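A short write-up of the structure that comes next.
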Amino acid sequence: MRRKNSGRSPVVDLPLETASQRKAKEDKLPSVESGRLKLYEPGAANVKKFLDLLAARITRPLVASMTACVHCGLCADACHYAMARPDDPTMTPVYKADQIRRIFKRHMDWTGRIAPWWVHARRPVDDADLNRLKNIVFGMCSGCRRCTLNCPMGVDTAALIRFARGLLTEIGVVPEGVFNVSRDEWETGNQMAVTEEDYLDTLDWMKQELASELGVEVEIAVDREDCDFMYSINPREIKFDPRSIAQAAKIFHFAGEKWTLPRWGWDQTNFGLFSGDEALGGYVARNLYDAAVRLKAKRIVISECGHGYRSTRWEGYNWAGYDQNLPSESVIVTLKRYLETGRIRVDRTRNPEPVTFHDSCNLARSGDLTEEPRWVLERVCSDFREMHPNRTENFCCTGGGGLLSMAEYRPLRMEAAKIKAEQLKATGAKLVCTICHNCVDGLTDVIKHYKLDMRVVQILELVEKALVLP
Ligand code: SF4
Ligand code: SF4
Numbered sequence: 008m009r010r011k012n013s014g015r016s017p018v019v020d021l022p023l024e025t026a027s028q029r030k031a032k033e034d035k036l037p038s039v040e041s042g043r044l045k046l047y048e049p050g051a052a053n054v055k056k057f058l059d060l061l062a063a064r065i066t067r068p069l070v071a072s073m074t075a076c077v078h079c080g081l082c083a084d085a086c087h088y089a090m091a092r093p094d095d096p097t098m099t100p101v102y103k104a105d106q107i108r109r110i111f112k113r114h115m116d117w118t119g120r121i122a123p124w125w126v127h128a129r130r131p132v133d134d135a136d137l138n139r140l141k142n143i144v145f146g147m148c149s150g151c152r153r154c155t156l157n158c159p160m161g162v163d164t165a166a167l168i169r170f171a172r173g174l175l176t177e178i179g180v181v182p183e184g185v186f187n188v189s190r191d192e193w194e195t196g197n198q199m200a201v202t203e204e205d206y207l208d209t210l211d212w213m214k215q216e217l218a219s220e221l222g223v224e225v226e227i228a229v230d231r232e233d234c235d236f237m238y239s240i241n242p243r244e245i246k247f248d249p250r251s252i253a254q255a256a257k258i259f260h261f262a263g264e265k266w267t268l269p270r271w272g273w274d275q276t277n278f279g280l281f282s283g284d285e286a287l288g289g290y291v292a293r294n295l296y297d298a299a300v301r302l303k304a305k306r307i308v309i310s311e312c313g314h315g316y317r318s319t320r321w322e323g324y325n326w327a328g329y330d331q332n333l334p335s336e337s338v339i340v341t342l343k344r345y346l347e348t349g350r351i352r353v354d355r356t357r358n359p360e361p362v363t364f365h366d367s368c369n370l371a372r373s374g375d376l377t378e379e380p381r382w383v384l385e386r387v388c389s390d391f392r393e394m395h396p397n398r399t400e401n402f403c404c405t406g407g408g409g410l411l412s413m414a415e416y417r418p419l420r421m422e423a424a425k426i427k428a429e430q431l432k433a434t435g436a437k438l439v440c441t442i443c444h445n446c447v448d449g450l451t452d453v454i455k456h457y458k459l460d461m462r463v464v465q466i467l468e469l470v471e472k473a474l475v476l477p
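Read in order, the letters of the sequence shown are residues 8 to 477 in this note's numbering.
See below:
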């Protein structure tokens, strides 16, 4: 695919350099020897750290993705950024990955060391270069992995983007939002800095709400040992949407479940997935696994969250260096089991509005959870209709990859959201259901920006509404 450069900047605040500007800058550099190679200017401490980290952390799968690209351009048709700006080559996945690939070639690959001009190898030379790379890897990609699944050569562009994010995070060249959320997660154990007092108060408040609604006491136990499962949640549920905890508690109660929340280690979300900081990823995941072991829980149930599911069920064990000996599942799987075994009964006529389903990237493409939510939705809604494309080919809500925390990239995100808006509108549904709290906010932004006549719901809400009480 050939694309014409529109001349627009790929990011809001940094113009692209011309080739001659770039050459002039490189020619002025007093390079120094580092081992056998001339690498960086004296004093460019961040560049040195970046290149050292790159060499230390590169892995075989990353090298494969660095080298396997044949520049066919097919991935351009998979990326919502490139689709929203079809005349701008800087939006294509291959362009974004090439900004990392050319550094790898210059620094590590023999062709790029010997003949950099031949393979377009180029090193960063100063903080402005690192900042430009930051704006590309954080601001122009939601890490949705749609390009990854659509690459005929198996190039994992999203993994390269995350790798570069991790290097930049380590040297502190990060968007302010990423820095703030990471700090909060390190300091408080959860990414919204919820204090233990607020956490316990909110759980107590939900207990009182349920008691007044149902006339019976519904337990929301904390740190109860020997439970069937330990429930882990997204801090957004405590801070902005505690209804989802009450809905889950009500369903668990009528299913006769013995469950608990932990006092510490309850955050199943993990900003390490977005920032590429695996030390943070390991810290958060370890808190959660340790809590389940301490409480002797038989399994971990993960509430509705895409990146939380991917981090807790799949990636976290590697980051934390933890044996994967604790069964875990999404709450959607738990709900499906209740319905299959008759532990709860539902009436689908209580959800009469047309509902469509948004597959979250981290659940569908990276988590293989596509059929269970549909199975549940077909039983709790009268008019379920598919969005197209769907399952592993669905488009991102546009808020993935931590982009909701990076306000500076919002205008570009909303421009790229055109694809999602068209997809939502074509369903004619009044409700779009997602099983991810992050997608709730991403989709709500899209609906508002493109003035769509629909609202976002989650599966616990629909199941709770359809629940037939004994
Ligand atoms: S990443 Fe894959 S699809 Fe994209 S240009 Fe390279 S080989 Fe082609
Ligand atoms: S991961 Fe998603 S947003 Fe990022 S380049 Fe690939 S398709 Fe585009």
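Each residue gets a CB set at the ideal place from its N, CA and C atoms; glycine is no exception.
A quick note: this is a predicted structure, and the numbers were derived from the prediction, not measured.
**OP:** Could you check what DSSP says for residue 389 in three-state terms: helix, strand or coil?
**Re:** coil
Original post:
In this structure, does DSSP put residue 36 in helix, strand or coil?
Top reply: Its pLDDT being 46, under 50, residue 36 is placed unreliably by the model, and nothing is read from it.
Subject >> Straight-line gap, residue 475 to residue 283 (C-alpha atoms, nearest Å) >> reply: 44 Å
**OP:** Please go through the same chain and pick out, in chain order, the residues whose beta-carbon is closer than 8 Å to the beta-carbon of residue 287, but skip the five residues on each side of it.
**Re:** 189, 192, 193, 277, 278 and 279
**OP:** Indicate the three-state DSSP secondary structure (helix, strand or coil) for residue 237 in the structure shown.
**Re:** strand
Original post:
Given 8 Å as the limit, is there contact between the stretch 106-120 and the stretch 329-348, that is, 3 or more CB pairs closer than that?
Top reply: no
**OP:** Compute the Euclidean distance between the alpha carbons of residue 305 and residue 238, then round it to the nearest angstrom.
**Re:** 11 Å
Original post:
On the premise that residue 262 lies in contact with residue 227, defined as a C-beta separation below 8 Å, what is that separation, rounded to the nearest angstrom?
Top reply: The Cβ separation is near 14 Å, so there is no contact.
Original post:
Is the stretch 97-112 in contact with the stretch 198-209, if contact means three or more CB pairs nearer than 8 Å?
Top reply: no
**OP:** Look at the alpha carbon of residue 478 and the alpha carbon of residue 430, and state the distance between them as a whole number of angstroms.
**Re:** Look at the range of the chain in this structure, 8 to 477, and you will see that residue 478 is not part of it.
Subject >> Beta-carbon gap between residue 137 and residue 241 smaller than 8 Å >> reply: no
**OP:** Spell out the partners DSSP gives residue 441 in its beta bridges.
**Re:** According to DSSP, which records beta bridges pairwise, residue 441 is partnered with 465.
Subject >> Classification of residue 468 by the beta-carbon crowding that lies within 10 angstroms, buried from 16 upward >> reply: buried
Subject >> Whole-angstrom distance between residue 213 and residue 249, CA atom to CA atom >> reply: A direct Cα-Cα distance of roughly 7 Å separates residue 249 from residue 213.
Original post:
Roughly how many angstroms separate the alpha carbons of residue 312 and residue 445, rounded to a whole number?
Top reply: So the two alpha carbons sit approximately 7 Å from each other.
Subject >> residue 251: first and last residue of the uninterrupted beta strand (DSSP E) it sits in >> reply: Looking at the DSSP string, residue 251 is not in any beta strand (DSSP E); the run it does join, the alpha helix (DSSP H), is 250-261.
Subject >> Proximity winner among 383, 321, 323 and 356, relative to residue 348 (alpha-carbon distances) >> reply: Put simply, of 383, 321, 323 and 356 the residue whose alpha carbon is nearest the alpha carbon of residue 348 is 383.
Original post:
Quick one: is residue 219 buried, meaning 16 or more other Cβ sit within 10 Å of its Cβ, or exposed?
Top reply: exposed
**OP:** Starting from residue 363, trace the beta strand (DSSP E) both ways and give me its first and last residue.
**Re:** 362-364
Subject >> DSSP state of residue 309 mapped onto helix, strand, coil >> reply: strand
**OP:** Could you spell out where the alpha helix (DSSP H) holding residue 204 opens and where it closes?
**Re:** It spans 203-221 - the alpha helix (DSSP H) in which residue 204 sits, taken as one unbroken run.
Original post:
Hey, is residue 100 close to ligand 2, as in C-beta under 7 Å from one of its heavy atoms?
Top reply: yes
**OP:** Give every residue of the same chain whose Cβ lies closer than 8 Å to the Cβ of residue 178, excluding the five residues on either side of it in the sequence, and list them in chain order.
**Re:** Counting only Cβ-Cβ distances below 8 Å, and skipping sequence neighbours, we find 53, 56, 57, 60 and 137.
Original post:
Under the DSSP definition of a beta bridge, which residues are partnered with residue 274?
Top reply: 240
Subject >> Rounded C-alpha distance that separates residue 47 from residue 135 >> reply: Caution is warranted here: a pLDDT of 49 is assigned to residue 47, below 50, making its placement in the model unreliable, and no coordinate value can be reported.
Subject >> residue 287 (DSSP reduced to helix, strand or coil) >> reply: The answer is helix: DSSP assigns residue 287 an H, G or I state.
Original post:
Would you call the CB atoms of residue 332 and residue 196 closer than 8 Å?
Top reply: no
**OP:** Report whether the distance from the Cβ of residue 164 to the nearest heavy atom of ligand 2 is below 7 Å.
**Re:** yes
Subject >> Closer than 7 Å: residue 127 CB and nearest ligand 1 heavy atom >> reply: With a cut-off of 7 Å, the C-beta of residue 127 is classified as distant from ligand 1, since no heavy atom of the ligand falls inside that distance.
**OP:** Check whether the Cβ atoms of residue 470 and residue 353 lie closer than 8 Å to each other.
**Re:** Using a Cβ distance threshold of 8 Å, residue 470 and residue 353 count as a contacting pair.
**OP:** Keeping to the same chain, check which residues put their C-beta closer than 7 Å to that of residue 224; ignore five residues upstream and five downstream.
**Re:** Cβ contact annotation for residue 224 (same chain, cutoff 7 Å, sequence separation greater than five): 218, in chain order.
Original post:
For residue 69, which option in 466, 98 and 162 has the closest C-alpha, if you only look at C-alpha atoms?
Top reply: 162
**OP:** Compare the beta carbon distance of residue 361 and residue 436 with 8 Å and say whether it is the shorter of the two.
**Re:** Taking 8 Å as the cut-off, the Cβ atoms of residue 361 and residue 436 count as close.
Original post:
Are there 16 or more other CB atoms within 10 angstroms of the CB of residue 79, so buried, or fewer, so exposed?
Top reply: exposed
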